[in-house]
Amino acid sequence: MDRREFIKKIYSKNYINRIVSKVKLLGSMSNIDPYDLLICRVITSIMLFCLCLYFFDYGYLIAPIGVVIYYNVFNQIFLYSKIDKRNKELEKSAMHFFEVLTLSLETGRNLVEAIDVTVSNVDGILSDEFRESIREVSFGKSLTEALYDMHLKGQ
Numbered sequence: 020m021d022r023r024e025f026i027k028k029i030y031s032k033n034y035i036n037r038i039v040s041k042v043k044l045l046g047s048m049s050n051i052d053p054y055d056l057l058i059c060r061v062i063t064s065i066m067l068f069c070l071c072l073y074f075f076d077y078g079y080l081i082a083p084i085g086v087v088i089y090y091n092v093f094n095q096i097f098l099y100s101k102i103d104k105r106n107k108e109l110e111k112s113a114m115h116f117f118e119v120l121t122l123s124l125e126t127g128r129n130l131v132e133a134i135d136v137t138v139s140n141v142d143g144i145l146s147d148e149f150r151e152s153i154r155e156v157s158f159g160k161s162l163t164e165a166l167y168d169m170h171l172k173g174q
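Just so we're aligned, residue 20 is where the sequence shown starts under this note's numbering, counting upward by one.
Here it is, written out as structure tokens:
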């Protein structure tokens with residue numbers, strides 16, 4: 020059985036879509052697959068349940084409570100903390116990035132050239148996102164479409 024089919028049997032489509040949208044908030048450079056994240060959540064919950072049953076005298080009471088708490092806190096630990104960290108990094112790098120972009124535009128470059136110059140001179144998460152958009156433009160997508168797609172990834 021395919022892992023996607025397995026996950027679709029366990030979770031609702033609405034919940035899977037919510038997790039997919041949260042993983043997209045990690046940006047284009049994220050290597051996290053939402054289906055692997057959900058499988059990891061199920062497997063570690065089962066392992067925690069078995070370990071509680073085996074090691075504790077009252078494991079039959081502790082295991083269900085521990086697994087429910089872990090299952091509900093899992094996304095906070097592994098997903099939301101990374102999203103918050105990324106948002107803070109974006110906020111820190113945004114001011115410098117857009118100052119350089121403004122200076123590039125003031126020198127008479129068009130927007131695509133100005134973004135290209137800015138991403139080559141400024142390092143950071145925001146530069147990586149704009150670099151991905153410029154790469155899409157070089158493959159034939161319009162700048163408007165590429166920036167709109169970047170906007171959709173951030174929602």
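Think of the CB as a built atom: it goes at the ideal place given N, C-alpha and C, for glycine as much as any other residue.
Short CB-CB distance (under 8 Å) between residue i and chain D
{"i": "asparagine 91", "result": "No chain D appears in this structure, which consists of one protein chain only."}
Residues near residue i in its chain [Cβ-Cβ closer than 8 Å; skip 5 each side]
{"i": "asparagine 91", "result": "none"}
Same chain, Cβ closer than 7 Å to residue i, five either side skipped, listed in chain order
{"i": "lysine 41", "result": "Leu98 and Ile102"}
{"i": "valine 86", "result": "Ser64, Leu67 and Phe68"}
{"i": "isoleucine 81", "result": "Cys71 and Phe75"}
{"i": "histidine 115", "result": "Val141"}
{"i": "asparagine 166", "result": "According to the sequence as given, residue 166 is leucine; it is not asparagine. Excluding residues within five positions, the ones whose Cβ falls inside 7 Å are Ser152."}
From the options, residue whose alpha carbon lies closest to that of residue i
{"i": "glutamate 148", "options": "Gly46, Lys28 and Thr121", "result": "Gly46"}
{"i": "valine 138", "options": "Phe158, Ala113 and Lys27", "result": "Ala113"}
{"i": "leucine 120", "options": "Pro83, Leu56 and Asp135", "result": "Asp135"}
{"i": "glycine 143", "options": "Arg37, Ile26, Glu110 and Ser100", "result": "Glu110"}
Residue i burial status per 10 Å Cβ neighbour count (16 or more: buried)
{"i": "leucine 130", "result": "exposed"}
{"i": "leucine 171", "result": "exposed"}
{"i": "threonine 126", "result": "exposed"}
{"i": "arginine 154", "result": "exposed"}
{"i": "arginine 60", "result": "buried"}
6 Å CB neighbourhood of residue i in its chain, flanking five on each side removed
{"i": "leucine 44", "result": "Ile102"}
{"i": "valine 39", "result": "Pro53"}
message = Which runs of the alpha helix (DSSP H) at least 4 residues long sit entirely within the region 95 to 143? Give them in chain order.
response = 100 to 125 and 130 to 140
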